[in-house]
Amino acid sequence: MENGKIRVRFAPSPTGLLHVGNARTALYNWLFARRHGGTLILRIEDTDEERSEERYASQLMRDLRWLGLNWDEGPGEPGAANEENGAGRGEHGPYRQSERLEIYEKCTQQLLTEGKAYRCFCSAAELEAERKLYASRNMPQVYSGRCRDLSGRLMQKNIDAGLPFAVRLKIGEEPLKFHDLVRGDVEFPAEAVSDPILVRSRRHGKPGVPVYNYVVTVDDALMEITHVIRGDDHISNTPKQVAIYRAFGWKVPEFAHLSTILGSDRERLSKRHGATSIASFREMGYLPEALVNYLALLGWGAEDGKSETFTLPELVQAFELERVTASPAVFDFDKLNWLNRHSLKSCPPARLASIAWGYFGGLLPDKSTVTNAMLIWFVRVVHLFAPAVDHLDQLAAKCLFIFGFDPDHARHKDDNALILAEDSARIVLAELATHTRAHLDAVTPEIFKMWLDDIKSATGIHGKDLFHPVRIALTGSHAGPEFDKLIPLIEEGAALGLKIPSVRDRVDRFVGV
RNA sequence: GGCGCUAUCGUCUAGGGGUUAGGACGUGAGAUUCUCAAUCUUAAAACACGGGUUCGAUUCCCGUUAGCGCUACCA
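Here the working numbering runs 565 ahead of the position in the first sequence, where the first position is 1.
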């Protein structure tokens, strides 16, 4: 592998949201390109007019950028080289297949004139009959190639008669081989492939549309792709593509077929297994670096066999396509959650808070009207509670210690009732109330600690008998963050004018009724 | 049916002709803190099966089984 010459591509169809399987393919391509100083090309495979939508294409690009995966050539990519090329008038563009139709047409003409491809007039019914025959004999269901050697006269007659025809490639005798970085050498006998359709017959007077296997090959060759990294569902397509490379005399690239991602039931991962789109992971509050880290780990083992957490630059250093596993891997939400907790803990607080704000809905004012003081306060709130959640959409619920004070609910919550029924709890709360009412300013952790000490020495109650009822009065739960951290957050939040009752309010409302 | 790909703890993986088969997630136990979180310690947990080759195979070869993919004028 020579540096600088490597060219790889990610070629999604814009027929839906980017999901984890595709994202992993994109990531491996990106990693391989960055690792070797190569070029990553984004190509939109939108030949399927009915299912392709522009909004999916732009969403796709947004998701890739969110993951931190940029590309060097492709549609909509700003930057000197591409600004000029726009949506693909560059050396290697266009980067949308729908804009490359003339290119395919030209290639087809070349193949036809060189006799490497031929017109096939077989009807769907004829083909079907052929397949049935082969199947009944337990033979590979392939095309017999009967139009291959039609006499020139007969062919002309068919054309003149306006018979629809498809264009097929002539497959040679030699086995079709390719090298796969993940699986080693792979070889298919030519008989198992048979002459594949390159261009469909025209329908409703429209010109024939080239098929997928043909256009990817043409695009990959013309875009000078050196390494085709894609899902292993394409492995059986590869011999056909190799045949196309050979027909044109193009150099066959290296391949790397990535294994499938499975759900916990060992079936292909799909919506049935829960969230699979990148967008939905973002919405749930996963950090992109966690997702990327997990996707990299899924189906790949670091050389030392021990490292688990990687930043994107670290991955670029450590990643080796040759170490990617060939066997399918089950997507494990638990491990992803662990990695996300790890990312949450190492994420700069300000950035974390900024992402987290959106998950608090009505609990916080609109982000545009926020004061700087609120922001700083919120950063501390997030910092305190973030280690306790798997993903950010759970954060607001955790922060109910601060936001959601409901004395009635606190009193009757199952395990709370038991604690509060104790005599000691009543004594502690009465003591706390007198302290609180006598104190008019905001409560500081120091003062609060003094109160607790007072109560302790006055009543002899200590430990959990002391702390649990107090915590219930303050937060509605006997468990929660330390008073040292909790008290300032409550008092400052209240002072900031947020919908947060002060310590004094809480105790009053709790003991009062 | 045909062709192809795959097979190490529940999961992701490391390893490799002789190892106490290593790590991580998750799970169990313990420690710690005023915390349903975090952290630390610790335990249980695997080479699919059958034949070869070999002094020796989990590792190499061949089968079996299972899973998956392709088998389209889908992408």
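The beta-carbon is built from N, C-alpha and C at its ideal position, and this holds for glycine as well.
Measure from the alpha carbon of residue i to the alpha carbon of each residue in the options, then state which is nearest.
{"i": "V881", "options": "L862, P893, S892", "result": "L862"}
{"i": "I606", "options": "D637, Q624, R627", "result": "D637"}
{"i": "L1017", "options": "L1005, A1007, H1004, L1031", "result": "L1031"}
{"i": "R630", "options": "S908, W595, I920", "result": "W595"}
{"i": "A726", "options": "V895, L965, F686", "result": "F686"}
{"i": "P818", "options": "L746, E885, T825, V857", "result": "L746"}
{"i": "V751", "options": "A1003, H822, R600, K978", "result": "H822"}
{"i": "D971", "options": "A915, F943, D1070", "result": "D1070"}
{"i": "R772", "options": "I794, L715, N937, Y669", "result": "Arg is not the amino acid found at residue 772; the sequence shown has Pro there. The shortest C-alpha separation from P772 is found at Y669."}
{"i": "T1079", "options": "V1076, I967, K1021", "result": "In this structure the chain extends from 566 to 1078, so residue 1079 is not present and cannot be described."}
{"i": "E738", "options": "D760, M720, Q721", "result": "D760"}
{"i": "V1072", "options": "N905, G1045, F1013", "result": "F1013"}
{"i": "A951", "options": "S1067, P1046, S824", "result": "P1046"}
{"i": "K805", "options": "S1022, N778, A598", "result": "N778"}
{"i": "E695", "options": "C672, V707, H799", "result": "V707"}
{"i": "G1025", "options": "V993, D1049, S1042", "result": "V993"}
{"i": "R589", "options": "Y621, D628, H1043", "result": "D628"}
{"i": "M788", "options": "A953, D980, G658, L929", "result": "G658"}
Would you tell me roughly how many angstroms separate the C-alpha atoms of residue i and residue j, rounded to the nearest one?
{"i": "G653", "j": "A682", "result": "In this prediction, G653 has a pLDDT of 39, which is less than 50 and means its spatial position is unreliable; nothing more can be read from the coordinates."}
{"i": "R767", "j": "A731", "result": "8 angstroms"}
{"i": "H1033", "j": "L997", "result": "13 angstroms"}
{"i": "H584", "j": "S845", "result": "9 angstroms"}
{"i": "M939", "j": "G864", "result": "43 angstroms"}
{"i": "T803", "j": "A840", "result": "31 angstroms"}
{"i": "V895", "j": "L827", "result": "4 angstroms"}
{"i": "L1061", "j": "E868", "result": "52 angstroms"}
{"i": "R572", "j": "I941", "result": "46 angstroms"}
{"i": "P729", "j": "R711", "result": "16 angstroms"}
{"i": "L949", "j": "K963", "result": "10 angstroms"}
{"i": "V1081", "j": "L634", "result": "Outside the displayed range of the chain (566 to 1078) lies residue 1081, so it cannot be described from this structure."}
{"i": "E664", "j": "N937", "result": "49 angstroms"}
{"i": "G1028", "j": "R837", "result": "48 angstroms"}
{"i": "I545", "j": "G927", "result": "No answer is possible for residue 545: it lies beyond the span of the chain, which begins at 566 and ends at 1078."}
{"i": "V1035", "j": "H977", "result": "15 angstroms"}
{"i": "K900", "j": "N858", "result": "11 angstroms"}
{"i": "K910", "j": "K932", "result": "23 angstroms"}
{"i": "A690", "j": "L666", "result": "28 angstroms"}
{"i": "D798", "j": "L1051", "result": "53 angstroms"}
{"i": "T999", "j": "L1063", "result": "26 angstroms"}
{"i": "A645", "j": "R748", "result": "Only weak support is given to the placement of A645: the predicted model assigns it a pLDDT of 36, under 50, and the question is left unresolved by the model."}
{"i": "V889", "j": "I800", "result": "16 angstroms"}
Do residue j and residue i count as a contact pair if the criterion is CB distance below 8 angstroms?
{"i": "P775", "j": "V764", "result": "yes"}
{"i": "Q624", "j": "L582", "result": "yes"}
{"i": "A556", "j": "V935", "result": "Any property of residue 556 remains undetermined from this structure, which presents the chain solely from 566 to 1078."}
{"i": "K812", "j": "L676", "result": "Correcting the residue identity first, residue 812 is Ala in this sequence and not Lys. Yes."}
{"i": "Q674", "j": "I609", "result": "no"}
{"i": "V758", "j": "A576", "result": "no"}
{"i": "I809", "j": "L734", "result": "yes"}
{"i": "F820", "j": "F925", "result": "no"}
{"i": "T546", "j": "R831", "result": "It is not possible to answer for residue 546, since the shown part of the chain is limited to 566 through 1078."}
Would DSSP call residue i helix, strand or coil?
{"i": "D745", "result": "strand"}
{"i": "W865", "result": "strand"}
{"i": "H792", "result": "strand"}
{"i": "D1073", "result": "helix"}
{"i": "Y810", "result": "helix"}
{"i": "A645", "result": "Model confidence at A645 stands at a pLDDT of 36, short of 50, so the residue's coordinates are unreliable and nothing is read from them."}
{"i": "S829", "result": "coil"}
{"i": "Y779", "result": "helix"}
{"i": "R574", "result": "strand"}
{"i": "R765", "result": "coil"}
{"i": "E1017", "result": "Rather than Glu, the amino acid found at residue 1017 in this sequence is Leu. DSSP places L1017 in helix when its eight states are reduced to three."}
{"i": "D750", "result": "strand"}
{"i": "A1044", "result": "coil"}
{"i": "F884", "result": "coil"}
{"i": "V1068", "result": "helix"}
{"i": "L582", "result": "coil"}
{"i": "F896", "result": "coil"}
{"i": "V954", "result": "coil"}
{"i": "A1060", "result": "helix"}
{"i": "H822", "result": "strand"}
{"i": "V1035", "result": "helix"}
{"i": "C685", "result": "strand"}
Should residue i be listed as close to the ligand FMN, given that the test is whether its C-beta is under 7 angstroms from any heavy atom?
{"i": "F1032", "result": "This structure lacks the ligand FMN, and indeed carries no ligand of any kind."}
Cβ contact (3+ pairs, closer than 8 angstroms) linking the stretch 604-618 and the stretch 861-876: Contact between the stretch 604-618 and the stretch 861-876 is absent, because fewer than three Cβ pairs lie under 8 angstroms.
Stretch pair the stretch 955-964 + the stretch 843-859: three plus CB contacts closer than 8 angstroms: Yes: at least three Cβ pairs fall under 8 angstroms.
The stretch 1008-1027 contacting the stretch 1049-1060, beta-carbon criterion three pairs below 8 angstroms: Here the stretch 1008-1027 makes contact with the stretch 1049-1060; the two share three or more CB pairs at distances below 8 angstroms.
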